[in-house]
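Asker: Sharing a structure here in structure tokens format.
Take a look at the structure:
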């Protein structure tokens, strides 16, 4: 479903992705781990066609560089921080629903399943909504599109525990054939979603395997990555 | 126009109509236009139609001051604000092309600005027509004002696309306006006097500078004499005639819109990091 071959990305002299090659099959649930600046978000942004890159990158057989529109039709995306859109919740929902060719009612239903009642908030300006509410809106849009691939870039980073639970519950209900690539700093999210883990370190793929193989005796993400990457104290993971 | 482009047009238009700047500009232009129309009609009662033309030339200067800023403000925000808030990345992550986003934003901001202008200009125009000013002339002046607005909407959006922030886009836009409106014309006049550059160069500059093209085109349409045309304008109209001057001025503005639009569009395509 996703294939990268010799994927490289640099910003000036700074190499962020250095010849990454990987394949993710249809229906796989993959967690993308790494220290801050390891290249997780950059990889996702390359998949979305938001960045130029070297190497080959395909989604569902479509070349990201050449067939950007076709690729993005197959992708649902939830960023770490929901952007501040202009307009009311209802306006934004309708705009993005139509942009994706979705029925706004489907998205509203999905939003309800995530615990956000559209009727109660429809006329509120998006700027007045909490980050958690906005994340739910973006997830609802991604889920309602019924795309084959979901790209989730630390989607629960700004959610409270209850919202995180609802978010993960919604992900658990995603059809099994949907591929999920989840960049996360939260071990609980990784455990709940992923059955395969990719670890990026200094722009390279440092680990590719099952979560249980990486997990071992670690009790936290810090320990987990220290073990996997041979790191110690100062160069630790950014969050839990 | 694709349905996705139409979505962006409607979104930009709705955002503009909800903004305070839109109604403030429309009201200011309306009041300024009405004041100048009243003066023009008063002069027309004394001096006839030529009196109206001279007073109406004041509206040209109001438009020169007002329309570029009115157009730059929302256009400079259109792309940069979305980029600063992260909304642009989310939009571009959807199944939409950069061309659709760019065209939709341009058309949406343009429609909003033209709507504000129409509100402001429309009242003055209605009074002018009611008092006997030819409809064709009123329409021609509107076309020039609209073209000037489109030039600065397009410049603003281009700067918004290529700049890191809205503030920088706005600053570059205002500097451009200052250079074109004041320093450009003044510089050419100084060069003419100091170094004796050929008159042809002045004529060419008239049509290269969109602000000057607008001024000469409008005044030529008003059948004005040397006192409002100025020496360069008088030279241009004596060479090309009033109709030729108007046509070339309108063409110059249209070329500016098309050229800057393309630069902005290409810049947006290449803006991928």
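Chains as they are written, first to last, in this note's numbering: chain A, 798 to 1037; chain B, 1168 to 1440. Beta carbons are placed, not taken as given, at the ideal position from N, Cα and C, and that holds for glycine. Note that the structure is predicted; figures quoted are calculated from it, not measured.
So, with DSSP's three-state summary, where would you put residue 962 of chain A?
Answerer: helix
Asker: Excluding the 5 residues preceding and the 5 following residue 825 of chain A in the sequence, name in chain order all residues of the same chain whose CB lies nearer than 8 Å to its CB.
Answerer: 798, 976, 977, 992, 993
Asker: On the premise that residue 1196 of chain B lies in contact with residue 1287 of chain B, defined as a C-beta separation below 8 Å, what is that separation, rounded to the nearest angstrom?
Answerer: Contact holds; Cβ gap of about 3 Å.
Asker: DSSP three-state label for residue 1234 of chain B, please.
Answerer: helix
Asker: Give the straight-line distance between the Cα atoms of residue 1381 of chain B and residue 1358 of chain B, rounded to the nearest whole angstrom.
Answerer: 22 Å
Asker: With a floor of 3 residues, list each beta strand (DSSP E) that falls wholly inside the segment 940-991 of chain A, ordered by position along the chain.
Answerer: 946-950, 976-980
Asker: For residue 800 of chain A, collect the residues of the same chain with a Cβ closer than 7 Å to its Cβ; drop the 5 residues on either side in sequence, then sort them by chain order.
Answerer: Excluding sequence neighbours, residue 800 of chain A sits near 820, 855.
Asker: Just verifying my parser: in three-state terms, what is the DSSP assignment at residue 993 of chain A?
Answerer: Strand, per DSSP.
Asker: Tell me the rounded alpha-carbon separation between residue 761 of chain A and residue 1294 of chain B.
Answerer: Residue 761 of chain A falls outside the range modelled here, since chain A spans only 798 to 1037, and no answer is possible.
Asker: At what residues does the alpha helix (DSSP H) containing residue 1256 of chain B begin and finish?
Answerer: 1254-1259
Asker: Ordered along the chain, which non-local residues of its own chain (more than five positions away) have a Cβ less than 7 Å from that of residue 1383 of chain B?
Answerer: 1373, 1400, 1403, 1412, 1416
Asker: So, are the CB atoms of residue 965 of chain A and residue 990 of chain A less than 8 Å apart?
Answerer: Closer than 8 Å, so yes.
Asker: What do you get for residue 951 of chain A, buried or exposed, if any count of 16 or more other CB atoms within 10 angstroms of its CB means buried?
Answerer: buried
Asker: Tell me whether residue 1184 of chain B sits in a helix, a strand or coil according to DSSP, three-state version.
Answerer: helix
Asker: Using a Cβ-Cβ cut-off of less than 7 Å, give me the residues of the segment 857-868 of chain A that come near chain B, in sequence order.
Answerer: 866
Asker: Cα-Cα, which of B/1201, B/1356, B/1312 is closest to residue 1277 of chain B?
Answerer: B/1312
Asker: By the three-class DSSP mapping on this structure, what secondary structure does residue 1377 of chain B have?
Answerer: helix
Asker: Report the three-state DSSP secondary structure of residue 837 of chain A (helix, strand or coil).
Answerer: helix
Asker: If you follow the alpha helix (DSSP H) that residue 1342 of chain B is in, where does it begin and where does it stop?
Answerer: 1333-1345
Asker: With a threshold of 6 Å on Cβ separation, who are the neighbours of residue 935 of chain A within its own chain once the five nearest residues in sequence on each side are excluded?
Answerer: 875, 879
Asker: Please report how far the alpha carbon of residue 1315 of chain B lies from the alpha carbon of residue 1235 of chain B, in whole angstroms.
Answerer: 7 Å
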